[in-house]
Structure formats: C-alpha cells, structure tokens
Amino acid sequence: MISCDKCKRPAVTYIRHANLHLCAKHFIEYFERKVKYAIKKFNMIESGDRIAIALSGGKDSVTLTYVLHKFLSKRRDVELFAITVDEGIEGYRPPTVKIARKITSELGIEHIIVSFKDYFGMTLDEMVKLGDKKPCTYCGVFRKYLLNKTAREMGATKLATGHNLDDEVQTILLNFLQADIERLARLIPQRVQEGLIMRIKPFREVYERDVVVYGLLHNLPMDMNECPYSYFPVRAMVRDFIYNFEEKYPGRKYSIMRSFETLIPCLKQMFPQIKLNRCERCGEPTSKRICQACVLLEELREKKNLSQ
Ligand code: SF4
Ligand SMILES: [Zn+2]
Ligand SMILES: [Zn+2]
227 MISCDKCKRP AVTYIRHANL HLCAKHFIEY FERKVKYAIK KFNMIESGDR IAIALSGGKD
287 SVTLTYVLHK FLSKRRDVEL FAITVDEGIE GYRPPTVKIA RKITSELGIE HIIVSFKDYF
347 GMTLDEMVKL GDKKPCTYCG VFRKYLLNKT AREMGATKLA TGHNLDDEVQ TILLNFLQAD
407 IERLARLIPQ RVQEGLIMRI KPFREVYERD VVVYGLLHNL PMDMNECPYS YFPVRAMVRD
467 FIYNFEEKYP GRKYSIMRSF ETLIPCLKQM FPQIKLNRCE RCGEPTSKRI CQACVLLEEL
527 REKKNLSQ
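Take the sequence shown: its position 34, counted from the start at 1, is 260 in our numbering, and no numbers get skipped.
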C-alpha cells in the first residue's frame, strides 16, 4: 500500500507532475487550493456577484456546481444559480438533464432549464436533419445564445463554465496550429463586452483527471457518455499529442497555459475589444448586423417550410 506524502493514510491518487501521492483528505485540499488560486488570480468572484453556472450535467459542470456551492453557500454577498440548456439530443441529453436536476435539488441551488425546442421551435436532432451545417455549429451557436440571454435576463453578473486545464490547453494549441490568433485572444480571461455576460473558468488550473477523482471521492454523479455528434479529429490529435508529451514530461500542460498567459498583453493590443452591435432582429449582442443565431434560424425555418 502506498501512503500519502503528507500523512500516513493510504494514497488514493498520484499527482504525477508534482510527484505527490495523496490521501482523499489531502487530495481534496490540493484540488480546492488550485481552484481557489485560479479564482483569485483572475478575480473571478467579487462581492455582489450573481453567478450563473452553465450546468450541462456532465462531469465537469456537476463538479463545478458542487465546488462553487461549497465555497460560496455561506457567503451573503454572492449568489449562485444554474442554467441547463437542453439541446434536444435523443439518448444523450436526457440523462444529464436528470443529473443536473438532482444535484441542484440536493444542494438547494436555483435551477433553470431552457430548451432548443421551446425557444427555437426545434430540437438539435431536428435541426441536423433539416440543415446542411455540422451539428456542433448549430449546437454551439444556439447554446451560447441561450446561455448568455438566460443568464442576463436572470440578472447574472458572471457565467461559470466547467472548462478544465486540459480543455484550455487543447484550445490554445489548436488555435496556434490553425493560425487563428484572433480566436486565441478570445481565451483571455475576464473579457468585458457589453451584453455578453463575463465567462469565468474556475477549473482552468486543474487537470481533467483530477476533476474526475474529486467527483468520485464525493460520489457525484459522473456521466462519461460522449455526444453522438462529437467528431473532432483535429482536436483529438492535439489531445493525444498533449497526453503523450505530458506522459514524458509531466507538467507541460501548465507550461502551455503559462506561455499563453505571458502573451495576453500582446494579444490585448493586437485585438482590442470591439464594441458589439445589437442584432437587428433579436437585439442580442453581435459583431455583425444580424447575429449568427438569427441567420441560422432563418435558414432552418425556410427549409422546414419547404419540407412541409
Ligand atoms: S459534441 Fe454534441 S454537445 Fe458538443 S457541441 Fe457538438 S453537438 Fe453539441
Ligand atoms: Zn494525507
Ligand atoms: Zn439575432
């Protein structure tokens, strides 16, 4: 039996990049310290905040809900609530919506569920059948739209997402490889844009693996299923590359993150934030005249009318 490096209890996990064997108690302390560090570093939570958690019901957002509730439930000056977007993906989304309901009711967190069907008149499955775009295009645009709109209408000051260190470094490298530096600049934390609720990512300093370990140690419901539309071959290559690199040189995920953070001042100069317009149709923020959600929706509605 391997024992914890901090005490003599049995170790439940090994943090490779820090060469640390930790028992449950010390791992939980380690994990929460990392999350608190990220929150403090980017001033993610301030007095008076009303924080909306983007709760899909997947492992990351469920764990995030638990952790934020643990950190904030005693504070009188910060409020927490959760928003779940039900895109309408048969077989995949219903179980996670159920998990989202369960965790919020157990923790006593206000929970709002909004669906593509109710808001746009079609599920994602129906959109995919009608349209010619990739499922993730519809899903990404409409989910972002609904999350932002609902969060704003519910008085949120921040929108917390469950992106972890692995997600972030994959996106950073992917943007470099695709020479999409403008998109890279969108990863700068705490970007303020009128009409867009500020995103915060409290898990940006924790490995995906550690999120799973933390969730398992707390018996949180962990849905590990993958969306049936998930198809990201380039991202999968980047993920595998980072995995192999990290295996050989532990801690390199942090190196990628720190390199990106060093570039933030340059990125801010290269891509100063533009003032967003209001969509002429729906009034939501957009860099164009008409927002992408309205453009896609019109295309889909035309196709739907033609097919009837
Ligand atoms: S993988 Fe599935 S849930 Fe994720 S963006 Fe694509 S369609 Fe949506
Ligand atoms: Zn210990
Ligand atoms: Zn619009």
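Note that beta-carbon positions come from the ideal geometry of N, C-alpha and C, so glycine has one too.
Just so it is clear, the structure is predicted and the values come from calculations on it, not from any experiment.
Since residue i is in the alpha helix (DSSP H), which residue starts that stretch and which ends it?
i	result
D303	First-last for D303: undefined, no H or E at that position.
Y240	Segment T239 to I241 is the beta strand (DSSP E) holding Y240; no alpha helix (DSSP H) there.
A537	Residue 537 is absent from the model: the chain starts at 227 and stops at 534.
I482	R478 to M496
Just to confirm my understanding: we take residue i, look at its own chain, exclude 5 residues before and 5 after, and list those with CB closer than 7 angstroms. What are they?
i	result
A237	I228, S229, C230, H247, L248 and C249
G295	The residue asked about is misnamed: residue 295 is His in this sequence, not Gly. So the qualifying residues of the chain are L306, L333 and I335.
T322	S282, G283, G284 and D449
R461	Q396 and L400
I414	I490, L493 and K494
Please work out which residues of its chain come closer than 6 angstroms, Cβ to Cβ, to residue i, disregarding the five sequence neighbours upstream and downstream, and give them in chain order.
i	result
K427	T387 and H389
I423	N374, A377, R378, A382 and L385
P511	G421, L422 and L502
What residue range does the beta strand (DSSP E) around residue i cover?
i	result
V354	Per DSSP, V354 belongs to no beta strand (DSSP E); it is in the alpha helix (DSSP H), L350 to L356.
S513	Taken as a continuous stretch (DSSP letters only), S513 belongs to no beta strand (DSSP E), as it is neither H nor E.
R276	R276 to A280
Is residue i buried or exposed, if buried means 16 or more other CB atoms sit within 10 Å of its CB?
i	result
A411	buried
V432	buried
R369	buried
S287	buried
P528	The sequence shown places Glu at residue 528, rather than the Pro named in the question. With fewer than 16 Cβ atoms within 10 Å of its Cβ, E528 is classed as exposed.
T488	exposed
Could you tell me the distance, in whole angstroms, from the CA atom of residue i to the CA atom of residue j?
i	j	result
L350	G284	18 angstroms
R430	V261	8 angstroms
L523	F346	8 angstroms
R327	S341	14 angstroms
E258	F297	9 angstroms
V464	D393	11 angstroms
M380	H337	11 angstroms
F458	C233	42 angstroms
A542	Q416	In the structure as shown, the chain begins at 227 and stops at 534. Residue 542 is therefore absent and cannot be evaluated.
Is residue i close to chain D? Criterion is C-beta to C-beta, closer than 8 angstroms.
i	result
I338	The structure shown contains no chain D; it is built from a single protein chain.
Next on the checklist: Please give the ranges of any beta strand (DSSP E) in the stretch 398 to 447, keeping only runs that are unbroken, at least 3 residues long and fully inside the region.
Outcome noted: As for any beta strand (DSSP E) of minimum length 3 sitting wholly inside the stretch 398 to 447, the runs are 424 to 426, ordered along the chain.
Checklist entry - Which whole runs of the beta strand (DSSP E) in the stretch 312 to 375 are 3 residues long or more, in chain order? => result Within the stretch 312 to 375, the runs of beta strand (DSSP E) at least 3 residues long that lie entirely inside it are, in chain order, 336 to 341.
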